[in-house]
Structures are given as structure tokens and as C-alpha cells.
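Residue numbers (our numbering), protein chains in the order written: chain A, 5 to 398; chain B, -17 to 191.
In this text, a Cβ means the ideal position worked out from N, Cα and C, and glycines have one as well.
Here the structure is a predicted model, which is why all the values come from computation and not from measurement.
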Amino acid sequence: MPRLRPSFIRRAHNISSHLATLLPACRDLRSAQNELRWIREHVSSSLAPAHEHNVTSRSCVTKTAVAVIKKHLDTEVQIDRLCRLRGTRGVPLQYVLGSQPFGDLDIRCRPGVLIPRPETEAWVFHLADLVRNVIAEGALSRPGGDVDDRTARPLKIVDLCSGSGCIALLLSSLLRSHLRGSDVDIRGFDVEPRAVSLAKENLAYNLRRRVLPRPRAGRQNVVFEKADIFSEDWLASLHHDPADPNAGGSKLGAPIDIFVSNPPYISMRGYDCDTGRSVRNYEPRLALVPHESLRISSFADCAPEDVFYARLLEVAEILRPKFVVLEVGDLAQATRVLEMAVRAPRPWITMEVWRDWPDMAPEEGEDQVVRIGGLQVPVRGSGHGRTVFLQRGA
Amino acid sequence: MTITTATARMLRSVLSVGRLSSSPRKLHVSSLQHRRHLTGSNAPGLLKNRGSTMPPRPKPPPADEIEESFLKGSGPGGQKINKTNSAVQLKHLPTGLVIKSQATRSRSQNRTIARQLLADKLDDLARGGESRNAVVGEFKRKKKASSAKKSRRKYRKLEEEGSRQQDDEEEVDGIEEAEEKQGKGQEQDQEESNEALAEMPNDLDRPQK
């Protein structure tokens, strides 16, 4: 990373010493100013307001003045502390502030759990639009089901490697308005206990903020569980019949409607070379790079960074979802995942790659199609190849 | 006149930024106002529509008239990078207006904000003094002016009670009273805006609660 010019730091310092503190992490003045503004807003909203006295007597005026000054000092001390965490130590802003907005949701962020990314937010919005259109056309109804049956049946969604829970929760929030009379049934699984508890916390927190649909009749419709998706026990549990009373309360019941995942997808080399400093130093490697031991076990024939996709496609065969959306690192990885998907025993009727911003027009030089064997797979949007989208017929 | 209104508006937005409040809902409002300060334009819908005299909030133009761009990093994106910059820029193709929003940390929220800002600007362009922006601005300015006047009178009264001043003070008060009646009666723009400007510094001096 190139070193910051002293004249540049001095210029920032002339505006505010906090800006100069933030500069090593932000690298440019504009984003340092933005981050300082967000830090200020965070501090002033989290500190208790100075006690407001009824201004009648002299002593009360003094008391109020003291309280105001004290609050001002507290605020400055806090701001300085957070700026140092962010700028000098290089902690991600989301861990410093403890949150990241994600659509209308506010997702709590803590070390040990990956911070939600804007690219993920973009594809979740795109997926929700697509699902809404399909619901409007009535194509998500059960075979033979009449209108009443369709509205009564919950939309089943499974999110593997759910992390902070952002994808599951945003889908729940976005699909709510279009499922009048019916429910969304979402299951999130993650291997990291800290992620599972944070996801539960995010569910409760956003329910309190009233940006998530209230559960009906006391039944929670978004559930996060700890599970190792590579374990045979977990895979076996998916085979159970949902109607079987012995199966317990955690059964998924194929077929489901939507299967999403943002698994670890970075290669060892990519982790060492391309990742941002704050990512490498502070975000969990577990959520970024597939563990070495996974490859040796059962997926020896695919690249080490692709093992999760091999497993996810196996799981998809069991859950028989209508839509699958898997986040990937780039177009090359998307191509490799599509090659795996083509070999599936039952064919997908639609295969697509979505770029970072699926709604935007592609720029010059961005391919709008990739070749998989003899197939031409459309590539939508603009940016890096970001998700693989698969759809199966009704 | 336009200059005075603009200055008054700017002063007002500076004041609102300084008045960061503690509740999360209020904070949202203040961040909006901060953005207005940055972009020099009016924030949408911060006032309760009392008595439904305000024109409706303008709708953003259709999607095919907008060219949207995000600040794309040169890096690989996704899990590898953790960007905090979520700025959204809109270009309105028929007029060439460019709007940028980086008010929040959320790209989707910035998109909504930028669209509303663009709608306000277009409304301003199309209807001038009758746009929602102008009408709401006028309403707020009047309200501010009258409350500033009220509080100034109150403090003067307190002072008078304290030190028992002579008669000529009373006379000034009487003039002010008449001026206010006139303002309420027929809304003379010129005088009103001058008045607002004159009263702003007063407000700045006084500590914000």
C-alpha cells in the first residue's frame, strides 16, 4: 500500500484532527469525512442526553451548563477513541460502530462474524424482485393447489452459511408485503456458534425495530441453527419426512422454494494477495477461505476454493429448490460452479450469472454470456461475476 | 431576494446539523439535514403536513430517464474487500441534472434518497416558487421567524422585568407588534425574507437546547 503524503495528512489535519486519524484506513479525504460523520452520529445517538433542567434559578442554569459541557467532553473523547480504532488500528468501521445497514435492516456486527457486503445486498434485492414477479404470476403454487391453498402455504427458504443472518432477514423483510395471507419459512444454518447467536440477535433486534414481519400465532418463521453442512448427520437429517412426528421440530421438508448461500469462496492465494487489510486482520478467515481439510475429505477433484459449491449442489439435490442463488468470487469461479451444476442428475431449466449490480446495464468489455460446454449462459448486470442463479421447472 | 432566502436556508441547515439529538428517529432527520447541507438542496418531507396546504411530494422520474452509477472500486469486491463508500450518483438524462447522495452507509438507502432529491430538484425547475420544496421552505422559514421573534420578545421582557427600563423600550416593542400583524395578514415576501435573515444571527448566539 502506497504511503500517504505528509502534505496530504497535514491538509486533513487542518480540517479536523479526527480526519487525519482516519486517513490511514480511509485513504482519501471524502471517505474519511463520511466515516467521521457516521462516527459522530453514532456517538451522539448512543450517549445519554445532557439532563435538561427547567431553567428557573441560577443554580439550575449552572447545572445545565455543566451537564452540557460534560456531555460535549464525553462525546469528543468517544469520537477520538473510535477514530483511533478505525484509523490507527484499522478495525472495520462496522465493528467500530457495531452495525451495518442492509436494505431497511440494521445488522449488528461483531468480530468473529463476516460483515454484510453491498454486493450481497444487491443480489438479494434482485432475487426478491424476481420471486415477487413469479408469485404475481402464480407460478410458485403447488401443483393442483387452488388459490387458497397457495396463500396458506409458507414460502420455504433455506440459507446455508448464514453468518450474521443478513440474507435470510432481508429476504423475509422484502417478501413480506407480497405474501399477504401466507408466511415465509426461513431456515439459516451456520457452523460458527457466534454467528448463530448474532443472527438470532439480529432477528430479535429488527423485529423490535418493526422492519421485519411479526411472527404469527407465536410461531417464529425465521430460525437460525448451528450445523456443519459437511457432516453426514446433517445431510441425513434432510431426508426425513416433515410429516413424521418423530422427526422433531427442525425438519426442512423438501421441496423448498429458495436455496441461498454466501459460502467461503476465496482461495488461499487470493486471501494472501487480494483481500483488504481490515478484512485480513479483523474478519473471520473461517467465513472467507474454505478450510484445507474439507478438500481432502470428499471433493478432491475440485479446486480447494470451490468445495462449498460441490457440497451445496449436493444439498440442492436433496432439498429440490425451485431457485438457487450462490454467491461467488468472480466470473471464473461462476463458470466452474456452472460446470458442476450442468452435471447434476436433474437439469436446471434456467442458468444465469449475475454481476455485482444485476439491475445495471453492462459496461463496454463486460461479456453478456459465458460458454459452459455447448451451453450459452447469460451474464446479467455490471461489475464482477457475483452470483450463480439456477432455476428448476415447477 | 433569492440570495437572502438561500442564505437563510443555509443558516438553517447549519443550525439543524448542530442540533444532533439523542433519539434514533431524530438522528435520521438530522442526517438528512446534514445531507441537505452538503448538497445545497432541500431535504424531502421533514415537516408534518399540517392542514394539508402543502403540495404533494414530487415523484421521481421514470427509470429510463435516469442513469445511475456507483463508485466502483478497482478491487475484486465481494468478501475480499470491505468498502464503506456507498455513494450513489444519478444523472437525469433529459435535463442533465446530476445528484449525488452519500448520506447513509447503505447503498439502497442512498438510492432512495438520491431519487427523492432528484424529484425535488425537477419539481423546483418545473414549478419554481410553487414547488413543494419552495412552499415547505417558506412555511418553515415563517415558523422559524415567528418563533425567533416570540422568544426575543420573551427575553426582552425578562430583561425589562429584571432592570426596570424606561419608556422608549416599550415603543420599540409596539412597532414590532405592528410589523408582525402586517406579516401575518398579507405575507410580504420581501420583508419576510429580510426579517428572517436579520433574526438568524440571534438564533446562532443562543445556546441550543
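Please report the straight-line C-alpha distance between residue i and residue j, rounded to a whole angstrom.
i, j, result
"residue 312 of chain A", "residue 227 of chain A", "22 Å"
"residue 190 of chain A", "residue 13 of chain A", "48 Å"
"residue 57 of chain B", "residue 278 of chain A", "8 Å"
"residue 387 of chain A", "residue 71 of chain A", "51 Å"
"residue 268 of chain A", "residue 178 of chain A", "25 Å"
"residue 259 of chain A", "residue 173 of chain A", "21 Å"
"residue 98 of chain A", "residue 290 of chain A", "18 Å"
"residue 26 of chain A", "residue 330 of chain A", "35 Å"
"residue 9 of chain A", "residue 285 of chain A", "24 Å"
"residue 207 of chain A", "residue 15 of chain A", "43 Å"
"residue 72 of chain B", "residue 107 of chain B", "17 Å"
"residue 60 of chain B", "residue 121 of chain B", "46 Å"
"residue 137 of chain A", "residue 336 of chain A", "30 Å"
"residue 157 of chain A", "residue 321 of chain A", "22 Å"
"residue 314 of chain A", "residue 232 of chain A", "15 Å"
"residue 166 of chain A", "residue 340 of chain A", "23 Å"
Can you tell me whether residue i is buried or exposed, with buried defined as 16 or more other CB within 10 angstroms of its CB?
i, result
"residue 273 of chain A", "exposed"
"residue 5 of chain A", "exposed"
"residue 23 of chain A", "buried"
"residue 84 of chain B", "buried"
"residue 243 of chain A", "exposed"
"residue 154 of chain B", "Residue confidence for residue 154 of chain B is low, a pLDDT of 44 falling below 50, so the modelled location carries little weight and cannot support an answer."
"residue 145 of chain B", "exposed"
"residue 76 of chain A", "exposed"
"residue 296 of chain A", "exposed"
"residue 156 of chain B", "Interpretation of residue 156 of chain B is limited by its pLDDT of 40, a score under 50 that renders its predicted location unreliable; the figure taken from the coordinates is listed afterwards. Classification for residue 156 of chain B: exposed."
"residue 3 of chain B", "Because the pLDDT of residue 3 of chain B is 36, which lies under 50, any placement of that residue in the model is unreliable, and the number read from its coordinates should be weighed accordingly. It counts as exposed."
"residue 143 of chain B", "exposed"
Assign residue i to one of three DSSP states: helix, strand, or coil.
i, result
"residue 94 of chain B", "helix"
"residue 395 of chain A", "strand"
"residue 139 of chain A", "helix"
"residue 110 of chain B", "helix"
"residue 262 of chain A", "strand"
"residue 202 of chain A", "helix"
"residue 325 of chain A", "coil"
"residue 33 of chain A", "helix"
"residue 118 of chain A", "coil"
"residue 369 of chain A", "coil"
"residue 82 of chain B", "strand"
"residue 359 of chain A", "strand"
"residue 60 of chain B", "helix"
"residue 145 of chain B", "helix"
"residue 188 of chain A", "strand"
"residue 10 of chain A", "helix"
"residue 305 of chain A", "coil"
"residue 295 of chain A", "coil"
"residue 229 of chain A", "strand"
Can the beta-carbon of residue i be found less than 8 Å from the beta-carbon of residue j?
i, j, result
"residue 43 of chain A", "residue 113 of chain A", "no"
"residue 264 of chain A", "residue 332 of chain A", "no"
"residue 359 of chain A", "residue 383 of chain A", "yes"
"residue 29 of chain A", "residue 102 of chain A", "no"
"residue 111 of chain A", "residue 122 of chain A", "no"
"residue 262 of chain A", "residue 325 of chain A", "yes"
"residue 188 of chain A", "residue 194 of chain A", "no"
"residue 102 of chain B", "residue 43 of chain B", "no"
"residue 63 of chain B", "residue 95 of chain A", "no"
"residue 362 of chain A", "residue 130 of chain A", "yes"
"residue 117 of chain A", "residue 202 of chain A", "yes"
"residue 89 of chain B", "residue 113 of chain B", "no"
Residue i versus chain B: which residues are under 8 Å apart at the beta carbon?
i, result
"residue 116 of chain A", "Ordered by position in chain B, no residue passes the 8 Å Cβ test against residue 116 of chain A, which lies about 15 Å from the chain."
"residue 388 of chain A", "58, 59, 60"
Quick one: which chain A residues come within Cβ less than 9 Å of residue i?
i, result
"residue 111 of chain B", "Correct list: empty, because the minimum Cβ distance to chain A is about 32 Å."
"residue 62 of chain B", "270, 274, 275, 278, 279, 280, 283, 292, 333"
"residue 144 of chain B", "By Cβ distance, chain A contributes nothing, its closest Cβ being about 12 Å from residue 144 of chain B, past 9 Å."
"residue 91 of chain B", "105, 107, 108"
What in chain A is Cβ-close to residue i, meaning under 7 Å?
i, result
"residue 87 of chain B", "42, 104, 105"
"residue 84 of chain B", "38"
Name the chain B residues that come within less than 7 Å of residue i, Cβ to Cβ?
i, result
"residue 96 of chain A", "64"
"residue 35 of chain A", "66, 67"
"residue 210 of chain A", "Going along chain B, no residue has its Cβ under 7 Å from residue 210 of chain A, so there is no contact; the nearest lies around 13 Å."
"residue 360 of chain A", "59"
"residue 196 of chain A", "Chain B residues near residue 196 of chain A: none, gap ~15 Å exceeds 7 Å."
"residue 129 of chain A", "90"
Starting from residue i, find everything on chain B with Cβ-Cβ shorter than 9 Å and list it in chain order.
i, result
"residue 364 of chain A", "50, 51, 52"
"residue 121 of chain A", "59, 60, 61, 63, 64, 65"
"residue 125 of chain A", "88, 89, 90"
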